[in-house]
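Enquirer: I have a structure I would like to understand better, so I am pasting it below and will then ask my questions one at a time.
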Amino acid sequence: MSNQRRRNEKIINQVLTFFSTASATGKTTLAINFAADLAERGYRVCLADCDMQFGDVANCLGLEPETSFYQMYEDDEVNAANLVEETPWGFDVLAAPSELDEGYLITESNTTRAINHLRANYDYVVVDTCTGFSPITMAVLEQTDILFIPCVVDFIPSIKNLKQGLDNLQKMQFDANRVRLILNRNKADTQISTKDVEGLLGKGFQYFIHNDYAGMMESIKKAQPIVLFQKENKVADEISNIIAVELGDKEAEKSNGIFSWLWK
Amino acid sequence: MAQRDKILVWVANIDMRIHLVNVINRSGNYEAIEYRAGVEGMEAIYTQKPQLLLLDVDYALPDPEKVIQQVRNNLSGTYIIGLSSRWDERKRHQMEEMFDGVLTMPFDIDSFERVLEEAKKVSVSSTCEVLTFFAPKGKSGRTTLIVNLALNLARLTGEKVGIIDAETTFADMDAFLNINPQSTIVEALRDLSLLAPSTLAKYYEEVVPNVQVLCGAKNAQQVNLITAEALTDLIAMSRRCFRYILVDLAPGFSPVTMAACEAADKVYLTTMSGGTFELKHLKRSLDIFHAMDDWQSRVECVITRITPEVRQRTILEDELGCPVTLIPNEYHLCAQAANNGRMATDIGPKAALTQQIDLMAKAIVEKNR
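So the sequences go chain by chain: A and B.
Going by numbering that gives the first Met the number 0, the first sequence opens with residue 0, and the numbers climb by one from there.
Going by numbering that gives the first Met the number 0, the second sequence opens with residue 0, and the numbers climb by one from there.
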């Protein structure tokens, strides 16, 4: 499906959020590649960087946007859809502020307003967040349709934090059916087995992405999404497959016609 | 306590008051002064700035908690010993929780000095150094660094070292150390206004001799109790319990992390070297700390997962404008330690990571000599 094909269709308005209970689990990389893959499939996509203080979306893509979430704080009237930066890869970016003090000032209501604006203008709003349940992230979770949680199996304390995070989501009454656990860097050289982790979590991983540190570093160095520029790469293939599975469900529902309202 | 320190004797009964002042002054070691005002006039006590206050608990009735809270708020550096001529067990236990010590009136100089000695044991040092570890993002190895550094500082000095886990996202010091603490920072902050340093120390859990940890909140619902003001007060009182206090913080700038940095004698900006934008974020963070007048003497950087080469360190120090410590990557050692509740320095005493942390501890001790 090309960009042109989607232009005349009704906007899907979904918010896909990448969240984690530990840093360096691949949130930003996955969010970028999800946005790139969805855009290549012809969907209207905006990638929103809600790691307001230390967001890396613009860094990873080599962008120097003139506008950011900060204008949502400065101006109550501004529409977030007018603050986005177009990228050469078919999706737009609403960047985190470049200045730390600006990032510090952005509130939950600024964030909620921005996500609502973007939702109204894009098929998919892909959101990258900072680690843990910050007030901004809580506001994003309120707006989230599908929550992707990339995890890395490295230390037992990290796994315990993940378990605690999942328990917190349950307490917040976040629908477990909308949560997708992704085991990133699968089969990396760690001391804990996936089976043990799943036992501890009481929940299995839905998706697996294998460990390709060198490939991902090259992608970041070249400021290019791996799904577009290294299509033969196994990680790129696995990311595309995740999206195909998620969209497959929706396409099937859509084709039934009667259920099409479900994924509006 | 130095010789001839000022002691205020605040006792209701005039005969008892004069007697106790005489008992203390006859020793020649202290300058005991009668204090006559009632609770209504207690503001006047603050101008005296005594090193020790002997407080007749009958003065504090009917609301001893309120009176003690007021005195502590205004005399944070003063030991307070509770006095009564008729302790019952329940009352005594209650008062022991609030005071640095309790005594029955009348007392002799030996009893007085014994209780004072106990209070001083808790307040091991008047020159406590608070070391706060700030990180722009996670996975900087803060927790590993803090627990191993604390152990080394305790071994080098033979003095008490405290760790405060003020992480508000996912506090995991208990998981790292494989302990199940009876109380955490949440209970300590809840009770703080009623505690003396001696009783606050009981909220810390001993990890090894001379290293105690105040673990973080056990769930996200409790973190709202960890406010900037409360954490500042906790650090201030904890200063009377330890020679060194190491504070672990959630990543990023928040009112809580900034308050902890302001309350610290030394701030360590920590980041891993992951080959992407970590140094850029470290520099951006450092720019914020430039607002401190004394940032050059107060702020240092720690970069983890990097080979500790002198040339590399010099380049980074020139670039950042402050001292830099480099900690090498030892994933398997750190994982083995974290997964088994042990210290990396114990598992691999000769590992490069252990040696770098050892050097860091020695540098800290040396600077404070």
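The C-beta atom is built at its ideal place from N, Cα and C for all residues, glycine as well.
Are the C-beta atoms of A334/B and some chain A residue less than 8 Å apart?
Expert: Taking the first residue of the second sequence as 1, we reach residue 334/B at position 335. Cβ-Cβ to chain A under 8 Å: yes for A334/B.
Enquirer: Can you list the residues of chain B that C129/A reaches, using a CB-CB cut of under 7 Å?
Expert: Within the first sequence, numbered from 1, the residue matching residue 129/A stands at position 130. Against chain B, a Cβ distance below 7 Å from C129/A picks out G251.
Enquirer: Report back the beta-carbon spacing between L180/A and I145/A to the nearest angstrom; my notes put them in contact at under 8 Å.
Expert: By 1-based counting over the first sequence, the position of residue 180/A is 181. By 1-based counting over the first sequence, the position of residue 145/A is 146. That pair is no contact at about 12 Å.
Enquirer: Is any beta-carbon of chain B found at less than 8 Å from that of I148/A?
Expert: Counting from one through the first sequence, the residue named residue 148/A turns up at place 149. Chain B, which has no Cβ nearer than 8 Å to the Cβ of I148/A, makes this no.
Enquirer: Considering only residues of the same chain and omitting the five flanking positions on each side of K361/B, which have a CB-CB separation below 7 Å?
Expert: For the purposes of this step, residue 361/B is taken as the residue at position 362 of the second sequence. Spatial neighbours of K361/B in its own chain (CB-CB distance under 7 Å, excluding positions within 5 residues in sequence) are listed in chain order as L155.
Enquirer: Can you pull the chain A neighbours of N338/B, defined as C-beta to C-beta under 9 Å?
Expert: Locating residue 338/B in the second sequence gives position 339, where the first residue counts as 1. Contacts between N338/B and chain A, judged by CB atoms closer than 9 Å, involve F154, I155, P156, Q190, I191 in chain order.
Enquirer: Using a Cβ-Cβ cut-off of 6 Å (strictly less than) and excluding sequence neighbours within five positions of D286/B, which residues of its own chain qualify?
Expert: Here residue 286/B corresponds to residue number 287 of the second sequence, with the count starting at 1. Contacts found: none.
Enquirer: What's the C-alpha gap between L325/B and T313/B?
Expert: Position 326 of the second sequence, counted from the start, is the residue given in the question as residue 325/B. Position 314 of the second sequence, counted from the start, is the residue given in the question as residue 313/B. Near 11 Å, if we compare the C-alpha coordinates of T313/B and L325/B.
Enquirer: Would you tell me roughly how many angstroms separate the C-alpha atoms of N115/A and G347/B, rounded to the nearest one?
Expert: Taking the first residue of the first sequence as position 1, residue 115/A is located at position 116. Taking the first residue of the second sequence as position 1, residue 347/B is located at position 348. As the crow flies, the alpha-carbon of N115/A is around 52 Å from that of G347/B.
Enquirer: Buried or exposed: E76/A, going by 16 or more other Cβ atoms within 10 Å of its Cβ?
Expert: Walking along the first sequence from the start, residue 76/A turns up at place 77. With fewer than 16 Cβ atoms within 10 Å of its Cβ, E76/A is classed as exposed.
Enquirer: Which residue wins for smallest C-alpha separation from L315/B, given the options V301/B, V66/B, P327/B?
Expert: Taking the second sequence and counting its residues from 1, the one referred to as residue 315/B is at position 316. For the residues V301/B, V66/B, P327/B, the minimum Cα distance to L315/B belongs to V301/B.
Enquirer: Find out if the Cβ-Cβ distance for the pair T128/A, F17/A is shorter than 8 Å.
Expert: Walking along the first sequence from the start, residue 128/A turns up at place 129. Walking along the first sequence from the start, residue 17/A turns up at place 18. Yes, these two residues count as a Cβ contact at 8 Å.
Enquirer: From this set, I178/B, A229/B, Y34/B, which residue's C-alpha is nearest P204/B's C-alpha?
Expert: Locating residue 204/B in the second sequence gives position 205, counting from the first residue. Pro is not the amino acid found at residue 204/B; the sequence shown has Glu there. For E204/B, the nearest C-alpha among the options comes from I178/B.
Enquirer: What are the start and end residues of each continuous beta strand (DSSP E) run of 3 or more residues lying completely inside the segment 229 to 290 of chain B, in chain order?
Expert: 243 to 248, 265 to 271
Enquirer: Round the Cβ separation of I24/A and V178/A to the nearest angstrom and send it over; I've been treating them as touching at under 8 Å.
Expert: As a position in the first sequence, residue 24/A is number 25, starting the count at 1. As a position in the first sequence, residue 178/A is number 179, starting the count at 1. The sequence given here places Thr at residue 24/A; Ile does not occur at that position. With a beta-carbon spacing of about 15 Å, T24/A and V178/A fall beyond the 8 Å limit used to define contacts.
Enquirer: Which residues of chain B have a Cβ atom closer than 7 Å to the Cβ of T20/A, listed in chain order?
Expert: Translated into the one-based positions of the first sequence, residue 20/A becomes position 21. Simply F169.
Enquirer: When you compare the CB of T275/B with every CB in chain A, is at least one pair closer than 8 Å?
Expert: Here residue 275/B corresponds to residue number 276 of the second sequence, with the count starting at 1. Taking CB atoms only, T275/B has a neighbour in chain A less than 8 Å away.
Enquirer: In the DSSP assignment, find the unbroken beta strand (DSSP E) run with V210/B in it and report its ends.
Expert: Residue numbering aside, residue 210/B sits at position 211 when the second sequence is read from its first letter. Per DSSP, V210/B belongs to the beta strand (DSSP E) from 210 to 213.
Enquirer: Can you find a CB in chain B that lies within less than 8 Å of the CB of A30/A?
Expert: As a working mapping, residue 30/A is identified with position 31 in the first sequence. False, the Cβ-Cβ gap to chain B never drops below 8 Å.
Enquirer: By the DSSP assignment, the alpha helix (DSSP H) with P149/A in it spans what residues?
Expert: To locate residue 149/A, count along the first sequence from 1; it is residue 150. No alpha helix (DSSP H) holds P149/A; the beta strand (DSSP E) holding it covers 145 to 150.
Enquirer: Within 10 angstroms of its Cβ, does N147/B collect 16 or more other Cβ (buried), or is it exposed?
Expert: If you number the second sequence from 1, residue 147/B lands on position 148. Flag for N147/B reads buried.
Enquirer: For M342/B, which residues of its own chain have a beta-carbon under 7 Å away from its beta-carbon, when the five flanking residues on both sides are left out?
Expert: Within the second sequence, residue 342/B is the residue found at index 343, counting from 1. Hits under 7 Å: V146, N147, L150, A336.
Enquirer: Is there a Cβ from chain B that is less than 8 Å from the Cβ of E216/A?
Expert: Counting from 1 along the first sequence, the entry for residue 216/A is found at position 217. The amino acid at residue 216/A is misidentified as Glu; the sequence shows Met. Yes, because at least one Cβ of chain B sits closer than 8 Å to the Cβ of M216/A.
Enquirer: In this structure, what does DSSP give as the bridge partners for S83/B?
Expert: Working through the second sequence from its first residue, we reach residue 83/B at position 84. Paired residue(s): T103/B.
Enquirer: Which residues in the same chain have their Cβ closer than 6 Å to the Cβ of I67/B, if we skip the five residues on either side of it in sequence?
Expert: By one-based count along the second sequence, residue 67/B stands at place 68. Contacts found: M97.
Enquirer: Specify the secondary structure class of Y103/A as computed by DSSP and reduced to three states.
Expert: Position 104 of the first sequence, counted from the start, is the residue given in the question as residue 103/A. Note: Y103/A maps to helix in three-state DSSP.
Enquirer: Got a sec: is the Cβ-Cβ distance from L99/A to anything in chain B below 8 Å?
Expert: Numbered from 1 along the first sequence, position 100 holds the residue referred to as residue 99/A. Yes, contact with chain B.
Enquirer: Within the 8 Å Cβ cut-off, does Q52/A reach chain B?
Expert: Position 53 of the first sequence, counting from 1, holds the residue named residue 52/A. Yes - at least one Cβ of chain B is within 8 Å of the one on Q52/A.
Enquirer: Taking one C-beta from the segment 111 to 126 of chain A and one from the segment 266 to 276 of chain B each time, how about it: are there three or more such pairs within less than 8 Å?
Expert: Counting Cβ pairs under 8 Å, fewer than three are found: no touch.
Enquirer: For N176/A, count the other beta carbons within 10 Å of its own beta carbon; 16 or more makes it buried, fewer makes it exposed. Which is it?
Expert: For the purposes of this step, residue 176/A is taken as the residue at position 177 of the first sequence. Exposed, by the Cβ-count rule.
Enquirer: Among K162/A, Q70/A, K159/A, E237/A, which residue has its Cα nearest to the Cα of I208/A?
Expert: The residue labelled residue 208/A in the question sits at position 209 within the first sequence. For I208/A, the nearest C-alpha among the options comes from E237/A.
Enquirer: Quick one, which of V14/A, K9/A, F33/A has its alpha-carbon nearest I242/A's?
Expert: Taking the first sequence and counting its residues from 1, one reaches residue 242/A at position 243. If we check each option's Cα against that of I242/A, F33/A comes out closest.
Enquirer: In angstroms with no decimal places, state the Cα-to-Cα distance between E197/A and P156/A.
Expert: The residue labelled residue 197/A in the question sits at position 198 within the first sequence. The residue labelled residue 156/A in the question sits at position 157 within the first sequence. Cα-Cα distance, rounded: 14 Å.
Enquirer: Considering only residues of the same chain and omitting the five flanking positions on each side of T377/B, which have a CB-CB separation below 8 Å?
Expert: The structure shown does not extend to residue 377/B, since chain B spans only 0 to 368, so no value can be given for it.
Enquirer: What are the boundary residues of the alpha helix (DSSP H) that F228/A is part of?
Expert: Indexing the first sequence from 1 puts residue 228/A at position 229. Residue range 225 to 228 is occupied by the alpha helix (DSSP H) that includes F228/A.
Enquirer: Taking only the alpha-carbon atoms, compute the straight-line gap between E8/A and G140/B and give it to the nearest angstrom.
Expert: What you label residue 8/A is simply residue 9 of the first sequence in a count that begins at 1. What you label residue 140/B is simply residue 141 of the second sequence in a count that begins at 1. Straight-line Cα distance between these residues: approximately 48 Å.
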